[in-house]
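Shown next, in structure tokens, is the structure this report addresses.
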Amino acid sequence: MSRLRVNPFYLVVLALLLGLPLVAESETVEAVMPLGLTGPALLHVFVLIFFFGFMSQAWNIVGGFAGQLSIGHAAFFGIGAYVSTVCYVQFGLSPWFGMLVAAAVTGAFGAGLGLVSFHYGLRGPFFALVTVAFAEITRLVLLHWDYVGAANGILLPFSPEPTFWQFQFRDKEPYYYIALVMMLCSIGLVAWIARSRFGYYLHAIRQDEDAAEAVGVPTKRCKIQAIALSAALAGMGGTFYAQYTQYIVPDDMVVGRVSVEILLGAVIGGAGTVMGPIVGAFILIPVGEATRVIFEGGGTGVSLSALIASDLPFGEKFLTYLDYLAAGGGGGLAIILYGVLLMAVVLGMPGGVLPWLAGLRKRFGRSADRRADRGTGGSRP
Amino acid sequence: MSDVYLQALISGLMIGGVYALVAVGLTLIFGVMDIINFAHGEFLMFGMYAAYFASVLLGVDPYMTAVLALPLFFALGWAVQATLIRPVVGKSHAIQILLTLGLSLLMQALAQYLFSADFQSLKLDYAAATMQIAGTRVGWTRVAAFAISMGLCLALWLFLQRTDTGKALRACAEEHEGSLAVGIDLRRMYKIAFGLGIACVAIAGITMTPFLYVAPVIGPKFTLVAFVIVVLGGLGNIPGAVAGALIVGVVESVGALVMPSPSLKDLAVYVLFILVLLFRPQGLFGSRGA
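Sequence lines, in order, name chains A and W. Reading the first sequence from the start, the letters are residues 1 to 381 in my numbering. Reading the second sequence from the start, the letters are residues 382 to 671 in my numbering.
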């Protein structure tokens with residue numbers, strides 16, 4: 001397949017996404033969207049989808065195509081955010097250029113990690129463990145490095161009249177389009193990789209590394225390139241996140257939960273496929289956000305610690321506790337759902353949603369063909 | 382000056398003993414089923430919550446809970462193996478890692494939902510009591526945690542060496558097809574191994590409840606430490622895991638002294654981990670290639 005074929009469905013979705021901000025506050029959207037999800041709130045959900053689609057796509061290069069399971073991508077994400085932010089706050093470098101610096105730095109970290117791990121032949125679970133340890137080391141260093149704000153993180157300076165070069169905007173629309181463009185670029189890059197020699201090498205490594213090595217695939221170099229590229233993209237995502245939230249702190253960014261959220265989209269949508277991570281993000285984020293809005297709305301204002309310490313009789317304590325749970329408990333329901341989704345996909349459709357759909361279509365198509373055969377070809381010899 | 386290091390050495394050995402029980406559970410599961418359990422620390426966290434709530438709500442002493450927890454968490458592990466883990470036995474490592482990662486995510490979030498993200502700690506009358514070891518003062522609860530954990534490690538080792546079930550488990554770890562051929566029920570062995578592993582890690586958690594806070598996020602640290610130990614000691618090697626655990630405990634507590642900040646103590650452990658993975662993936666004592 002030398003020519004790029006684009007499913008018309010994706011083009012329709014893209015057209016809709018391009019036009020969405022124009023109508024985000026219109027009455028039609030208000031009528032269609034539940035929970036009053038219109039205007040900036042709606043755009044925010046889409047920014048999250050694009051952002052996670054982008055991050056998952058970055059992970060997909062090393063985790064999906066090369067088949068090297070990284071559970072530490074939060075480290076690259078965090079380093080990227082810190083690099084561009086420090087460049088901006090300390091040296092006044094525009095975050096647009098900071099993003100490139102971030103990509104260079106995280107790419108170098110990725111290459112270094114890959115160089116060390118793959119030089120010593122770490123594979124499968126051992127590589128995964130090294131990425132976890134790398135992320136933990138990154139978090140600890142950031143937490144104790146006063147120059148980058150240690151545990152307090154960095155609050156980006158707020159400018160009342162933000163200019164384009166400050167990568168700061170009052171409205172959601174610019175962020176929306178930036179995130180969309182980043183996601184589209186990542187799709188384009190991965191689509192190109194998938195059809196390049198490099199992509200076929202990665203595919204071979206994923207299938208059987210020893211066999212690939214035997215037929216002359218430079219496995220070590222390819223894996224290092226894959227993780228460097230993946231890390232560079234994740235670093236750029238970090239810059240976007242820092243500019244979007246205007247606040248970065250190690251304990252929110254470089255934690256295992258974030259590493260898992262980054263890989264979740266790709267694994268659920270289909271790791272090693274071009275559109276898998278994007279489809280995964282379009283499934284995960286709406287499900288997660290809806291859960292947050294519906295179940296974690298008010299809360300009862302009950303503090304669990306206070307409830308435990310109170311003198312209420314046991315039965316009454318228990319009833320208050322049930323109220324507490326019904327009102328969303330201590331939160332985390334969206335993440336519970338993510339965990340269930342991840343396990344369900346791993347057990348039920350191990351390749352992810354897209355390959356599963358493709359398999360379904362194939363099977364359905366085949367049985368339809370057979371029906372057609374039976375209908376027309378009654379005169380089988 | 383040397384007093385400080387002696388103190389660090391002893392408290393490192395004490396916590397290392399508890400780590401040993403955590404790691405022995407992990408290595409047993411890995412040895413028998415060839416599965417890496419990324420949700421290991423979350424079971425420890427649930428063990429700690431069990432001890433915490435039993436104490437504050439029902440007035441049950443944590444050491445009593447430890448006794449009750451053995452059958453309870455064994456059953457929990459058995460059930461989790463029978464439902465979630467069984468389908469991925471023998472599948473690729475990526476699938477297994479993703480499944481147990483999903484389980485770990487689920488358990489963390491579930492704990493946050495049920496118990497809130499607040500840090501909780503027990504206030505026991507005897508928590509401040511200390512005893513004298515080699516001229517330094519050590520908390521009584523830490524010594525108890527060490528003694529219970531080491532006792533259980535020994536008991537597990539004897540179980541594996543002396544009983545028929547234990548021997549069957551070891552046979553599974555050596556050779557899957559071979560043990561099937563001599564009539565060992567592999568599926569049952571998997572459930573027993575997972576149940577035992579989970580019971581070990583939960584009890585390790587419970588013994589730490591008197592001196593350590595609990596929160597939904599504490600699990601991953603213990604999972605990673607257990608991996609460090611298991612890799613140090615050689616995968617599937619129980620005496621190796623105990624030795625590795627004591628080393629990690631000491632590295633951690635001495636690390637707290639030499640690092641610029643005590644909370645950087647884990648850094649020393651992770652660096653040690655990466656070094657061992659790179660240069661001695663078969664473990665410090667093993668000869669089997671990994």
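Backbone N, C-alpha and C define an ideal beta-carbon position, used for all residues, glycine too.
Which of the three DSSP states is assigned to residue i in this structure?
i        : result
A/Val274 : coil
A/Val45  : helix
A/Ile248 : strand
A/Gly19  : helix
W/Gln489 : helix
W/Gly520 : strand
W/Val563 : coil
W/Ile529 : helix
W/Met512 : strand
W/Val635 : helix
W/Met399 : In the sequence as presented, Met is not what sits at residue 399 of chain W; that position holds Val. The answer is helix: DSSP assigns W/Val399 an H, G or I state.
W/Val595 : strand
W/Pro643 : helix
W/Lys504 : coil
A/Gln68  : coil
A/Ala24  : coil
W/Leu409 : helix
W/Gln663 : coil
W/Asn418 : coil
W/Gly393 : helix
W/Leu656 : helix
W/Leu606 : Note that residue 606 of chain W corresponds to Val in the displayed sequence, not to Leu. Here W/Val606 sits in helix by DSSP.
A/Gly351 : coil
W/Asn618 : coil
W/Glu556 : coil
W/Val589 : Sequence check: residue 589 of chain W is Met here, not Val. Helix.
Which residues of chain W have a Cβ atom closer than 7 angstroms to the Cβ of residue i, listed in chain order?
i        : result
A/Pro350 : Ile476
A/Leu398 : Missing from the structure shown is residue 398 of chain A; chain A here goes from 1 to 381 and no further.
A/Ala128 : Ile478
Below 8 angstroms on the Cβ atoms is my guess for residue i versus residue j; work out the distance and round it to an integer in Å.
i        : j        : result
A/Lys223 : A/Phe118 : 5 angstroms
W/Ile587 : W/Ala432 : 4 angstroms
W/Ala492 : W/Tyr430 : 7 angstroms
A/Gly328 : A/Phe295 : 5 angstroms
A/Leu354 : A/Thr245 : About 30 angstroms separates the two Cβ atoms, so there is no contact after all.
W/Gly397 : W/Val631 : 6 angstroms
A/Leu142 : A/Val254 : 6 angstroms
A/Ser196 : A/Gln57  : Going by Cβ atoms, the distance from A/Ser196 to A/Gln57 rounds to 16 angstroms, so no, they are not a contact pair.
A/Tyr241 : A/Ala41  : At roughly 18 angstroms, the Cβ-Cβ gap does not stay under 8 angstroms, so A/Tyr241 and A/Ala41 are not in contact.
A/Ala66  : A/Ile205 : 6 angstroms
A/Leu307 : A/Lys317 : 6 angstroms
W/Leu605 : W/Leu665 : So it is not a contact: roughly 18 angstroms between Cβ atoms.
A/Gly288 : A/Met55  : Contact doesn't hold; Cβ gap of about 14 angstroms is too wide.
A/Leu342 : A/Leu264 : 6 angstroms
Going along chain A, which residues have a C-beta under 8 angstroms from residue i?
i        : result
W/Ile628 : Correct list: empty, because the minimum Cβ distance to chain A is about 16 angstroms.
W/Asp647 : Glu136, Leu140
W/Gln493 : Gly329, Gly330, Gly331, Gly332, Ile335
Could you list which residues in chain A have their beta carbon closer than 7 angstroms to that of residue i, in chain order?
i        : result
W/Ser642 : His144
W/Pro468 : Leu347
W/Gly483 : Gly339, Leu342, Met343, Val346
W/Leu479 : Val267, Leu342, Val346
W/Pro601 : Gly256
I want to verify the contact list: residues of chain W whose CB lies under 8 angstroms from the CB of residue i, in sequence order.
i        : result
A/Ser305 : Ser497, Asp499, Gln501
Please list, in chain order, the chain A residues whose beta carbon lies closer than 9 angstroms to that of residue i.
i        : result
W/Leu453 : The premise fails here: W/Leu453 is roughly 20 angstroms from chain A at the closest Cβ pair, so nothing lies under 9 angstroms.
W/Pro662 : Tyr120, Gly121, Leu122, Phe126
Using a C-beta to C-beta distance shorter than 9 angstroms, which residues of chain W count as neighbours of residue i?
i        : result
A/Val293 : Near A/Val293 there are no residues of chain W at all, since even the closest Cβ is about 16 angstroms away, more than 9 angstroms.
Which whole runs of the alpha helix (DSSP H) in the segment 154–230 of chain A are 4 residues long or more, in chain order?
DSSP runs (the alpha helix (DSSP H)) wholly in the segment 154–230 of chain A: 172–195, 197–207, 209–214.
Curious, which full-length beta strand (DSSP E) runs of at least 3 residues does the segment 293–348 of chain A contain?
DSSP runs (the beta strand (DSSP E)) wholly in the segment 293–348 of chain A: none.
- request: Count the C-beta pairs between the segment 640–648 of chain W and the segment 392–403 of chain W that are closer than 8 angstroms, then say yes if the count reaches three, no if not.
  value: Contact between the segment 640–648 of chain W and the segment 392–403 of chain W is absent, because fewer than three Cβ pairs lie under 8 angstroms.
message: Please give the ranges of any alpha helix (DSSP H) in the segment 423–501 of chain W, keeping only runs that are unbroken, at least 4 residues long and fully inside the region.
response: Whole alpha helix (DSSP H) segments, 4+ residues: 443–461, 474–496.
- Query: Does the segment 174–183 of chain A come close enough to the segment 37–49 of chain A to have 3 or more Cβ pairs within less than 8 angstroms?
  - Reply: yes
Count Cβ pairs between the segment 444–453 of chain W and the segment 540–548 of chain W that sit closer than 8 angstroms; are there 3 or more? The segment 444–453 of chain W is not in contact with the segment 540–548 of chain W.
Counting Cβ pairs closer than 8 angstroms, one from the segment 265–275 of chain A and one from the segment 156–168 of chain A, do we hit at least three? no
Within the segment 112–157 of chain A, note down every full alpha helix (DSSP H) run reaching 4 residues or more, in order along the chain. 124–144
If contact is defined by three or more beta carbon pairs under 8 angstroms, each pair taking one atom from either stretch, is the segment 475–488 of chain W in contact with the segment 330–350 of chain A? Contact holds: three or more Cβ-Cβ distances are below 8 angstroms.
Counting pairs of beta carbons, one from the segment 356–363 of chain A and one from the segment 281–289 of chain A, are three or more of them closer than 8 angstroms? Taking one beta carbon from each stretch, the segment 356–363 of chain A and the segment 281–289 of chain A have fewer than 3 pairs nearer than 8 angstroms; the two do not touch.
- Segment contact, 8 angstroms Cβ cut-off, at least three pairs: the segment 463–479 of chain W with the segment 597–604 of chain W: no
Any chance the segment 396–416 of chain W sits against the segment 619–633 of chain W, with 3 or more Cβ pairs inside 8 angstroms?
-> yes
Next item on the list: Give a yes or no on contact between the segment 88–103 of chain A and the segment 208–217 of chain A, applying the rule of three or more CB pairs nearer than 8 angstroms.
Entry: no
| Stretch pair the segment 451–468 of chain W + the segment 555–575 of chain W: three plus CB contacts closer than 8 angstroms | yes
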